[in-house]
Amino acid sequence: MTTGREAASGAGRPVALVTGVGRTAGIGAGIARGLAGAGWDIAFTYWTPYDARMSWGVEAGAADAVAATLAERGARTVAVEADLADPGAPERVFDEAEGALGGVTALVMSHCESVDSGLLDTTLESFDRHFAVNARATWLLIREYGRRFRGSPGTGRVIGLTSDHTVGNLPYGASKGALDRIVLAAAHELAHLGITANVLNPGPVDTGWMSDGIREHVLGRTPLGRLGTPRDAAHLVAFLCSPQGQWINGQLLKSDGGFAG
Numbered sequence: 196m197t198t199g200r201e202a203a204s205g206a207g208r209p210v211a212l213v214t215g216v217g218r219t220a221g222i223g224a225g226i227a228r229g230l231a232g233a234g235w236d237i238a239f240t241y242w243t244p245y246d247a248r249m250s251w252g253v254e255a256g257a258a259d260a261v262a263a264t265l266a267e268r269g270a271r272t273v274a275v276e277a278d279l280a281d282p283g284a285p286e287r288v289f290d291e292a293e294g295a296l297g298g299v300t301a302l303v304m305s306h307c308e309s310v311d312s313g314l315l316d317t318t319l320e321s322f323d324r325h326f327a328v329n330a331r332a333t334w335l336l337i338r339e340y341g342r343r344f345r346g347s348p349g350t351g352r353v354i355g356l357t358s359d360h361t362v363g364n365l366p367y368g369a370s371k372g373a374l375d376r377i378v379l380a381a382a383h384e385l386a387h388l389g390i391t392a393n394v395l396n397p398g399p400v401d402t403g404w405m406s407d408g409i410r411e412h413v414l415g416r417t418p419l420g421r422l423g424t425p426r427d428a429a430h431l432v433a434f435l436c437s438p439q440g441q442w443i444n445g446q447l448l449k450s451d452g453g454f455a456g
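The numbering of the sequence shown is this note's numbering, which starts it at 196 and goes up by one.
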């Protein structure tokens, strides 16, 4: 499904494609709001069947709600429902984003497959799906972005969100490690296009999935004494996407309040 909203003030704004914006409380939605407030038009993806499989369930009307908040910040928006486990999805996502908003200047990948399991109980299907969504889709999205990018040198941005949590979360952590390498390779292989590429590890962010025990554990290991929020990640993404962030390239950055896992 594709939905669009137009804002008269959106003319001339650069376009960011943000993946993984399935819930209003999620990191992807926070990043989209931050970029819209910083002067970007926003294309975003979501995949309802993933949320339906997770403990938090489907948030009815989330795509429309996110689009409305982005429009309030002056952004033109388009929402694209896409299963990124499908190898054909990245091309279609870019087609729809470009058709609605124009060429994409920044690609921010906050999508994920994240199902807890360890070394002994991970299934082959789950392992393969994690790598299809978290690693292969990242490569295909970056490849599609690099093939289509026509922006001025120095303006292009690729940002991938990662995690270093692997214990009891093997397929997620391992596939996110692969994401890191793919994004960091783009910092060199897309340099001739004037594109920077960085990886952001936001640490544990409470978007509704934490139990009381997890919250207590995280708070006890975070020097600043609070939980991370989507806004924290959004601040760093907005900076990296700004002209002031163009000298930061090929880095794995942490924005986690000093959390010690």
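Cβ coordinates follow ideal geometry from the N, Cα and C atoms, glycine included.
Being a predicted model, the structure only gives us computed values, none of them experimental.
Query	Result
In the DSSP output, which residue or residues are listed as bridge partners for V353?	L302 and A392
With L431 and G453 assumed to form a contact (beta carbons below 8 Å), what rounded beta-carbon distance in angstroms separates them?	Contact doesn't hold; Cβ gap of about 14 Å is too wide.
Suppose you measure from the CA of R410 to the CA of V253; what does that come to, to the nearest Å?	23 Å
Could you tell me how far apart the beta carbons of S305 and G403 are, in whole angstroms, since I believe they sit closer than 8 Å?	Wrong, their Cβ atoms sit about 15 Å apart, outside the cutoff.
So, G423 versus P397, is the Cβ gap smaller than 8 Å?	yes
Whose C-alpha, out of V400, A247 and E384, is nearest the C-alpha of R426?	V400
For L296, which residues of its own chain have a beta-carbon under 7 Å away from its beta-carbon, when the five flanking residues on both sides are left out?	V210, D236, A238, R271 and V273
Between which two residues does the alpha helix (DSSP H) carrying F289 extend?	A284 to L296
May I ask you to report which of helix, strand or coil DSSP gives F434?	helix
What did DSSP end up calling V216 once you bin it into helix, strand or coil?	coil
Mapping DSSP to helix, strand and coil, what is F454?	coil
Over what stretch of residues does the alpha helix (DSSP H) that includes T317 continue unbroken?	No alpha helix (DSSP H) contains T317, which DSSP labels as neither H nor E.
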